[in-house]
Amino acid sequence: MQTPQKIAIIGSGLVGTLLAIYLKKQGHTVHVYDRSSDIRTVAFSGRSINLVMSNRGWKAMQDIGLEEEIRKIGIPVDKRAIHTLEEDLQYQYYGKEGEAIFSLSRGVLNRRMIDLAEEAGVEFYFDHKIWDVTLATATLHVGETERGEWEDLKYDKIFGADGAFSRIRHRMQRQSMFDYSQEFMKIGYKELHIPANADGTHKIDKNSLHIWPRGNFMLMALSNLDGTFTCTLFMPFEGENSFAELKDEAKLVNFFAKYFPDTKEVIPDLVKDFFKNPTSYLAIMKCYPWTFEDKVALIGDSAHAIVPFYGHGMNAGFEDISVLNEMITKYGDDWKMIFTEYEKSRKPNADAIAELSRRNFVEMSSKTADKKFLLQKKIEKWFSDKHPTKWMPLYSRVTFSLQPYSEALAIGDLQSKIMEEVMQIPNIETKWNSDEVEKFILEKLKISV
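Mind the numbering: the sequence shown is residues 1 to 449 in the numbering used here, read in order.
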């Protein structure tokens with residue numbers, strides 16, 4: 001246990017709420033502020049992408065004793081279900097038998113996390129707008145309007161968990177020697193919906209991540225406990241096959257009939273959902289440093305917003321908390337050292353998962369329907385099963401292990417180069433699981449060591 005302090009967390013999202021539980025269990029007084037209303041009292045729909053929990057997220061839950069509680073509201077997903085235009089439904093399993101990610105509704109999870117935080121003794125202040133922060137004294141400035149009267153709230157520590165457009169980071173950006181970059185992708189997303197059957201069951205396989213890969217755009221669907229699916233359409237904003245083209249009902253219906261014909265029976269409210277729900281943006285945000293002295297720290301999307309194509313935004317944020325907790329255990333009340341070692345440990349890994357996530361859009365939208373790519377994955381799994389200590393596929397390194405993201409990226413790049421050469425072997429389609437291919441990969445691994 002640390003010496004008790006008064007700590008403010010800005011943002012009642014998943015990372016901020018889990019951090020609050022961790023800090024409360026350390027004996028601190030913890031106040032969470034959010035400019036929005038309590039999510040438990042408002043409808044949550046229209047701009048969500050379902051979450052997937054993997055090993056890094058589960059570790060953060062296990063360490064605080066919440067794993068079993070959260071598993072109750074998730075659905076295991078052990079494979080991709082690929083909906084192509086030419087062939088029958090194809091399944092691509094993620095890892096070894098028994099390995100699965102968990103589909104979680106963002107709204108359901110966030111509500112449950114707030115309940116659990118309150119049960120632990122965390123105090124929440126919703127509808128409180130934080131306009132600024134004095135870094136040197138860890139003082140929040142809250143008020144109804146940006147130019148109106150503000151109240152000053154003094155704390156010992158402040159954590160900015162207020163997302164990609166963080167107010168806390170905005171103040172930190174005004175310092176000298178603060179690096180910041182923001183990149184908006186040319187691709188946006190829109191939420192759609194597959195309702196449950198009349199008896200509450202799912203219309204399509206609930207234990208799959210459903211993908212309709214179409215090159216520079218795709219549709220994705222993940223299951224919810226109530227029998228529904230949250231669907232996400234990812235498309236360019238402009239150009240051919242873009243949101244800009246789908247301006248009226250006829251164009252939308254014709255577009256889906258052409259590119260997603262098997263969704264006609266399962267997305268009955270396509271037109272209503274498409275024109276009701278906003279088209280949302282995707283951005284990659286990087287910054288450094290993440291801390292100010294021993295007073296203020298950024299965590300989660302406030303420090304490293306990424307795109308959702310690896311399903312690791314939440315997992316990376318929860319891993320921030322795991323690492324921060326490790327530093328607390330190691331350094332006790334030395335918050336300056338805690339903050340310094342936390343950001344040094346996490347920064348290269350946050351950059352790595354940002355790059356991995358960017359790349360994975362190409363895999364999901366294009367490569368999952370490519371026969372040569374599927375053969376490559378088949379070879380990797382075959383070789384990995386024979387030599388588990390020599391080869392773990394990149395997806396498994398990222399999702400089913402706790403290996404640092406930066407190491408996973410570096411090893412994944414090496415494996416990718418080897419597989420490029422493997423795929424050039426004459427008649428690889430017929431001898432993919434031969435002694436020749438096995439020896440070739442083993443030799444390449446020796447050279448690369």
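C-beta: ideal position from N, C-alpha, C; glycine also.
- By the criterion of a C-beta distance shorter than 8 Å, Val15 is surrounded in its chain by Ala161, Ile299, Gly300, Asp301, Met314, Gly317, Phe318, Asp320, Ile321, once the five residues flanking it on both sides are discounted.
- By the C-beta density criterion, Arg174 is exposed, having fewer than 16 other C-beta atoms within 10 angstroms.
- As the crow flies, the alpha-carbon of Ile7 is around 9 Å from that of Val32.
- Distance from the CA of Ser36 to the CA of Lys390, rounded to the nearest whole angstrom, comes to 49 Å.
- Per DSSP, Val296 is one residue of the beta strand (DSSP E) stretching across 296-298.
- In this structure, Ile75 places its C-beta atom within 8 Å of the C-beta atom of Lys206.
- Rounded to the nearest whole angstrom, the CA to CA distance from Pro404 to Tyr395 is 13 Å.
- In the three-state reduction of the DSSP assignment, Met113 falls in the helix class, which pools H, G and I.
- Bridge pairing for Ser103: Val52, Ile75 [DSSP].
- Within the stretch 239-270, the alpha helix (DSSP H) runs of at least 4 residues that lie entirely inside it are, in chain order, 249-259.
- Proximity to Asp413 across Glu355, Ala198, Leu209, Gln26 peaks at Glu355, based on C-alpha coordinates.
- Secondary structure of Leu19 (DSSP, three-state): helix.
- Boundaries of the alpha helix (DSSP H) around Phe339: 335-365.
- Annotation: Asp370 is outside any beta strand (DSSP E) and is labelled neither H nor E by DSSP.
- Residue pairing by DSSP places Lys286 opposite Ser181 in a beta bridge.
- Close CB contacts of Tyr22 within its chain, under the 7 Å cut and outside five residues either way in sequence, are with Ile64, Ile321, Asn325 (chain order).
- In the DSSP assignment, Gly313 falls within the unbroken alpha helix (DSSP H) covering 313-331.
- Per the Cβ contact rule, the stretch 232-245 is not in contact with the stretch 113-122 (fewer than 3 Cβ pairs under 8 Å).
- Remark: C-beta atoms of Met53 and Phe102 approach each other more closely than 8 Å.
- Per DSSP, His387 lies in no beta strand (DSSP E) segment and is marked neither H nor E.
- In the structure shown, Arg167 falls within a helical segment according to DSSP collapsed to helix, strand and coil.
- Gln90 sits close to Thr84, with the two beta carbons spaced by under 8 Å.
- For His141, the secondary structure class from DSSP, reduced to helix, strand or coil, is strand.
- Put simply, of Trp290, Asp199, Gly27, Thr145 the residue whose alpha carbon is nearest the alpha carbon of Asp127 is Thr145.
- According to the DSSP assignment, Gly27 belongs to no alpha helix (DSSP H), since it is labelled neither H nor E.
- Here Glu191 is not near Ala283, since their CB atoms are 8 Å or more apart.
- When beta bridges are read from the DSSP output, Glu151 appears opposite Val142.
- If you draw a straight line from the Cα of Pro278 to the Cα of Phe243, it is about 11 Å long.
- For Leu233, the uninterrupted beta strand (DSSP E) segment begins and ends at 229-236.
- Within the same chain, and ignoring the five residues on either side of Met419 in sequence, the residues whose Cβ sits closer than 6 Å to its Cβ are Gln376.
- A direct Cα-Cα distance of roughly 8 Å separates Gly107 from Ile39.
- According to DSSP, Val133 shares a beta bridge with Leu140.
- Around the C-beta of Ile447, fewer than 16 other C-beta atoms lie within 10 Å, and the residue is accordingly described as exposed.
- Where Gly412 is concerned, the enclosing alpha helix (DSSP H) starts and stops at 405-422.
- Under the DSSP assignment, Ala303 falls in the alpha helix (DSSP H) whose first and last residues are 301-304.
- As DSSP reads the structure, Ala81 sits in a beta bridge with Tyr91, His210.
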